[in-house]
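Colleague: Quick one: this structure, given as structure tokens, is what I'll be asking you about.
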Amino acid sequence: MKFMKKNLFKYLLLTVITMGILIFQGCYPENDLTYEQTDVVLTTYNDSVDFSSLNTYYLSDTVYILDEDDEQVPLENQDIIVDNIVSNMTSAGYTRITTEEQGKPDVVILVGAFTSTTTNVGWWYPYYPGWGWGGYPGWGWGGWGGYYPGGYYPGYPYVSSYTTGTVVWDMANPDDYDIIKGDTVARVYWNCGIQGVLSGGSSDSRIIKGINQAFAQSPQIKINK
Numbered sequence: 010m011k012f013m014k015k016n017l018f019k020y021l022l023l024t025v026i027t028m029g030i031l032i033f034q035g036c037y038p039e040n041d042l043t044y045e046q047t048d049v050v051l052t053t054y055n056d057s058v059d060f061s062s063l064n065t066y067y068l069s070d071t072v073y074i075l076d077e078d079d080e081q082v083p084l085e086n087q088d089i090i091v092d093n094i095v096s097n098m099t100s101a102g103y104t105r106i107t108t109e110e111q112g113k114p115d116v117v118i119l120v121g122a123f124t125s126t127t128t129n130v131g132w133w134y135p136y137y138p139g140w141g142w143g144g145y146p147g148w149g150w151g152g153w154g155g156y157y158p159g160g161y162y163p164g165y166p167y168v169s170s171y172t173t174g175t176v177v178w179d180m181a182n183p184d185d186y187d188i189i190k191g192d193t194v195a196r197v198y199w200n201c202g203i204q205g206v207l208s209g210g211s212s213d214s215r216i217i218k219g220i221n222q223a224f225a226q227s228p229q230i231k232i233n234k
């Protein structure tokens, strides 16, 4: 399958995130714990990126469910996720771009959620027409691609599994890319995963707490230090 240049975004949680989740799961005692006590927030960033050079970003109002059936279904409580990411990005010094007339943003933030335990092997490019850049062709960035064959990317192994109720998001720049096996692959600047916040009770407050924690433990991305 062929894809247009710059249409591909690498939607990934790095292996360190997955391994961290697995380690935390392995450490849970068998006694009763609340859902909130088992929530895990893991982040990683690309230390070669000069975040101080960034100012603007694009974030869709829609958070899609990324389960294996690939249905294009928006998440029920997506507004809480989007609003709190926007609030934290503003506090970090960024300006959100919502229309083409505002100019081309420096980075895109792509958000998804897993409502069931999902296992994937290889490199994954979820494709959801209308999600991401499809609505703004003037920027020259297309939508999501499909699947990238193979499990290789220098320095960035692929995540193999996501736990029920996990929210994930990536910050990437479509103009900062590598050519891998003939495909254009955008570099990811920042990754976040909040395990389990969509399962159990009080999910809204746990989502807010998890997003706030993801930003709190990622001071490297702040541009208003």
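Letter by letter, the sequence shown follows residues 10 to 234 of the numbering used here. Virtual Cβ for every residue (Gly too), placed ideally from N, Cα, C.
Note the first and the last residue of the continuous beta strand (DSSP E) segment covering A122.
Modeller: Here the beta strand (DSSP E) through A122 covers V116 to F123.
Colleague: On the DSSP bridge assignment, give the partners of Y67 in chain order.
Modeller: Bridge partners of Y67: V117.
Colleague: For Q87, collect the residues of the same chain with a Cβ closer than 6 angstroms to its Cβ; drop the 5 residues on either side in sequence, then sort them by chain order.
Modeller: Excluding residues within five positions, the ones whose Cβ falls inside 6 angstroms are V72.
Colleague: Quick check on the burial criterion: 16 or more other C-beta atoms within 10 angstroms. Buried or exposed for P228?
Modeller: Flag for P228 reads exposed.
Colleague: In chain order, what residues of the same chain have a beta carbon less than 6 angstroms from the beta carbon of C201, not counting five sequence neighbours either side?
Modeller: If we look at C201 and ignore the five residues flanking it on each side, its Cβ neighbours are T52, W178 and A223.
Colleague: Going by DSSP, what residue range makes up the alpha helix (DSSP H) through V50?
Modeller: Here V50 belongs to no alpha helix (DSSP H); instead the beta strand (DSSP E) covers V49 to Y54.
Colleague: Using the beta-carbon count (16 or more within 10 Å), is N55 buried or exposed?
Modeller: N55 is buried by the Cβ-count criterion.
Colleague: Closest by CA to V117, which one among L68, G102, K190 and D185?
Modeller: Comparing Cα positions, the closest option is L68.
Colleague: To which residues of the same chain is R196 closer than 6 angstroms at the C-beta, ignoring the five residues directly before and after it?
Modeller: Cβ within range, chain order: D185.
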